[in-house]
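Below: one structure, written as structure tokens.
Protein chains: 2
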Amino acid sequence: MLSVGVNGYGTIGKRVADAVRVQPDMTVRGVAKTSPGHVADHATSIGYPLYAVSEDEIASFEAAGLDVAGTIRELVAKSDVIVDATPGGIGEQNHTLYEQLETPAVFQGAETPAVAETSFNARANYDEARDASYVRVVSCNTTGLSRLLAPLKEAYGIDAVRATLIRRGGDPDQPSRGPINDILPDPVTVPSHHGPDVRTIFPSLSIDTMGVTVPATLMHLHGVNVTLESTPDIEAVRDLLAKEPRIFVVPESARIEGCGALREFARDAGRPRGDIWENCIWDESISVSGSEFYCFQAIHQEADVVPENVDALRAMFNLKDAAESIATTDERLGVSFRQHSRASEQVFTERACDD
Amino acid sequence: MLSVGVNGYGTIGKRVADAVRVQPDMTVRGVAKTSPGHVADHATSIGYPLYAVSEDEIASFEAAGLDVAGTIRELVAKSDVIVDATPGGIGEQNHTLYEQLETPAVFQGAETPAVAETSFNARANYDEARDASYVRVVSCNTTGLSRLLAPLKEAYGIDAVRATLIRRGGDPDQPSRGPINDILPDPVTVPSHHGPDVRTIFPSLSIDTMGVTVPATLMHLHGVNVTLESTPDIEAVRDLLAKEPRIFVVPESARIEGCGALREFARDAGRPRGDIWENCIWDESISVSGSEFYCFQAIHQEADVVPENVDALRAMFNLKDAAESIATTDERLGVSFRQHSRASEQVFTERACDD
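As they're listed, the protein sequences go chains A and B.
Per our numbering, residue 1 is the first one in the first sequence, and the count goes up by one each step.
Per our numbering, residue 1001 is the first one in the second sequence, and the count goes up by one each step.
Here you go:
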């Protein structure tokens, strides 16, 4: 059993811990957090040993009635590997500690690519993380784009990608973020940094991205155009995407109009925290004109990188090959929406939520 | 003096009436409204003769203390021309009345193109409306795209346009519209109807558009990609756009981050209702890579078609040529932001609103 320490138990860290916990070949050694509060209470209630980020903070955890198993240094020393889910830029600072204690680590996409030997997406470049000590799971948006582009590239070749990323302003637990009633070019410069980040996965890809931020918290929405190297049949493209393990082709019959209905659908399905690990591509949006492909996809920013973190751990330790790892992660986590997408549309009709 | 009746005195109608009123060659014959309320009060306070859409409603206006000059039929009969600013689809129904009374009319972009002899954008196809009896001013989004594409097409040629339109959910006075905290593919099918609407102005243009609706009320935001037929110099493109009468190239020094700051800038400038008649293109977003052009532009959905309605009237009655009409409309209305955009950036530094 791979013993995994989670450093940073926030939005991503708590989800990765829960995903690791249900896998057959890994276990949560402990989780490290900076301060007490309901999230730390929850970690303790699950039974995760709780570590403090510094000695100075142990007293505040104890004052809150929480047992502290030690400091982050002890967790790093005891773990086979660390998943660093600290805020962007902190992971890079933590790198020194991981190296000192010779503990491999997985970083998140908010870190600079240079923090790791390779950037990672399970579908696109699993094997590049094999035997690596430091791996960076790309951001939610880059993960979403990589999952879409990998099958298109393999099947048809890609000449150019143009994507507009309409980004949520903040997560539901980030009340200090905006915008309110505004639409922001973000960044205002074109192309945005997202395109270069996708090139950490597909080095020679021609991709331009534009970023926009809006007053919403639930998911990101991508408007994607891909100029393919060949001219596909639209039904073949649909089938190609519907077969992908982490793509949910949202059928028209589901009557899912936007991100809110997608999240409600996930809550109805009993998903933990209402999470959607899959890219959600509206079937009606899939469009082919000559060699031009278009679609809309929604990306749950809190969730889509979670299965990728699990797969990154397996790649680094050579526990399984890509297909086996993805299948195991998804089966244990419950990534299942795609199985309904073409076969049993009746299910969706019954679940329609707003008519 | 051209005598102009305005049928439908709502968001667009009241603005068009105010714009007509300040022109040297036209006057407001009267405005027609379906029901009393603060907007009708305001029309009366300005001195616009108020007409009721039907006999049945005259009593309700009188009960509200408003003098009614007659019904819409009388206004149509007395006017040289009608600007129909009724809700989408009603204009088409009104067409019969205008024909019966042999009164030419300008329709708005929510009507089907077939309602008129030509669709209209002053910058792109003014001459096609000369001597026409029925003209359709295209929608706010199509107007915004046409103003941007016309100079690019003339200077460089256009191979293909791909635009993502991030649309406001409703205007500030439409509280029943959504979405709240959601991002909607709208329409979910690709391409959206906006591309074909742009082709009512540029018939052979290759353009694909994607529509998205978000929880905002202030402006639309367009992420635009144009594949040009030649390879321009970026400074030349900037200068080309900055010279356009109804394009405001937003300088970096203005520190205008989004639509809210743009509207605040317009309010500081004393614009009526805080209106922005111009396309607002962020200077930093203008990007050229080979023959690929990118930019972000914000479009004030309540305002950008207003000067176009005035120009449509002049074209139909052969009062001026395109350049003269645009110059007159803009001078009388106060369309002036572009004059600051390159020459006097200091103005913007002093006006910065959020630091």
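Where is the CB? At the ideal position from N, CA and C, for every residue including glycine.
- Taking 3 residues as the minimum length, the beta strand (DSSP E) runs contained wholly in the stretch 1118 to 1188 of chain B are 1118 to 1120, 1134 to 1137 and 1158 to 1168, in order along the chain.
- Around the Cβ of arginine 1263 of chain B, a 10 Å sphere holds 16 or more other Cβ atoms; the residue is buried.
- Here glutamate 1117 of chain B has Ala1132 and Tyr1134 as same chain residues with Cβ atoms under 6 angstroms from its own Cβ, once five neighbours each way along the sequence are excluded.
- Out of B:Gly1070, B:Leu1066 and B:Leu1149, the CA that lies nearest to the CA of glutamate 1055 of chain B is found in B:Gly1070.
- Put simply, of A:Pro187, A:Arg238, A:Ala52 and A:His193 the residue whose alpha carbon is nearest the alpha carbon of valine 214 of chain A is A:Pro187.
- Using a Cβ-Cβ distance cut-off of 8 angstroms, the stretch 316 to 332 of chain A and the stretch 287 to 301 of chain A are not in contact, since fewer than three pairs of beta carbons, one from each stretch, lie closer than that value.
- Non-local C-beta neighbours of leucine 1145 of chain B in its own chain, meaning closer than 6 angstroms and more than five positions away in sequence, comprise Val1198, ordered along the chain.
- Note on geometry: alpha-carbon atoms of threonine 34 of chain A and glutamate 1284 of chain B lie some 39 angstroms from one another.
- Under the Cβ distance rule, aspartate 1182 of chain B counts among the residues neighbouring chain A, one pair being separated by less than 7 angstroms.
- Note that the C-beta distance between cysteine 259 of chain A and isoleucine 1183 of chain B is below 7 angstroms.
- The alpha-carbon of aspartate 1127 of chain B is positioned some 40 angstroms away from that of serine 1176 of chain B.
- Within the same chain, and ignoring the five residues on either side of glycine 1178 of chain B in sequence, the residues whose Cβ sits closer than 6 angstroms to its Cβ are Gly1169.
- The beta-carbon of proline 1232 of chain B is placed no less than 7 angstroms from the nearest beta-carbon of chain A.
- The alpha carbon of isoleucine 1247 of chain B has as its nearest neighbour, out of B:Glu1257, B:Ile1326, B:Ile1072 and B:Met1001, the alpha carbon of B:Ile1326.
- Cβ atoms of alanine 85 of chain A and valine 16 of chain A come within 8 angstroms of each other, at about 6 angstroms.
- In the three-state reduction of the DSSP assignment, alanine 52 of chain A falls in the strand class.
- Threonine 1213 of chain B is bridged by DSSP to B:Arg1167 and B:Leu1184.
- Chain order gives the chain B residues near glutamate 292 of chain A as Ala1160, Arg1162 and Asp1208, where near means a beta carbon separation below 9 angstroms.
- With a beta-carbon spacing of about 29 angstroms, valine 1212 of chain B and proline 1245 of chain B fall beyond the 8 angstroms limit used to define contacts.
- Think of a sphere of 9 angstroms around the beta carbon of phenylalanine 1296 of chain B: the chain A residues whose beta carbon falls inside it are Pro185, Val188, Val190, Met210 and Val212, in chain order.
- Sequence-distant partners of valine 28 of chain A (beyond 5 residues in either direction) whose C-beta falls short of 7 angstroms from its own C-beta, in its chain, are Val4, Val6, Ala17, Val20, Arg21 and Tyr48.
- Within the same chain, Cβ atoms closer than 8 angstroms to the Cβ of proline 1036 of chain B are found at Ser1060, Phe1061, Ala1063, Ala1064 and Leu1066, the five residues on either side in sequence being excluded.
- Under the three-state reduction of DSSP output, isoleucine 90 of chain A falls in the helix class.
- Under DSSP, tyrosine 294 of chain A forms a beta bridge with A:Asn225 and A:Ser287.
- For histidine 220 of chain A, DSSP records a beta bridge to A:Ile299.
- Listed along the chain, the chain B residues whose CB falls inside 9 angstroms of the CB of glutamate 257 of chain A are Pro1179, Asp1182, Leu1184, Pro1185, Asp1186 and Val1188.
- At a cut-off of 7 angstroms between beta carbons, asparagine 225 of chain A contacts chain B.
- Taking the beta carbon of glutamate 154 of chain A as reference, no residue of chain B falls within 9 angstroms; the closest one sits roughly 22 angstroms away.
- Following the DSSP letters along the chain, one finds aspartate 18 of chain A inside the alpha helix (DSSP H) bounded by residues 11 to 21.
- At a cut-off of 7 angstroms between beta-carbon atoms, alanine 1216 of chain B makes contact with chain A.
- If the five residues before and after arginine 314 of chain A are omitted, its C-beta is found closer than 6 angstroms to the C-beta atoms of Lys320 and Ser325, all from its own chain and listed in chain order.
- Excluding residues up to 5 positions away in sequence, Tyr1009, Lys1033, Leu1050, Phe1061, Ala1064 and Leu1066 lie with their Cβ nearer than 8 angstroms to the Cβ of alanine 1040 of chain B in the same chain.
- Assigned with DSSP and collapsed to three states, glycine 1037 of chain B falls in coil, not helix or strand.
- Here cysteine 1259 of chain B is not bridged, per DSSP, to any residue.
- Between leucine 165 of chain A and valine 1310 of chain B, the alpha-carbon positions lie close to 36 angstroms from each other.
- Under the three-state reduction of DSSP, valine 1305 of chain B is assigned to coil, being neither helix nor strand.
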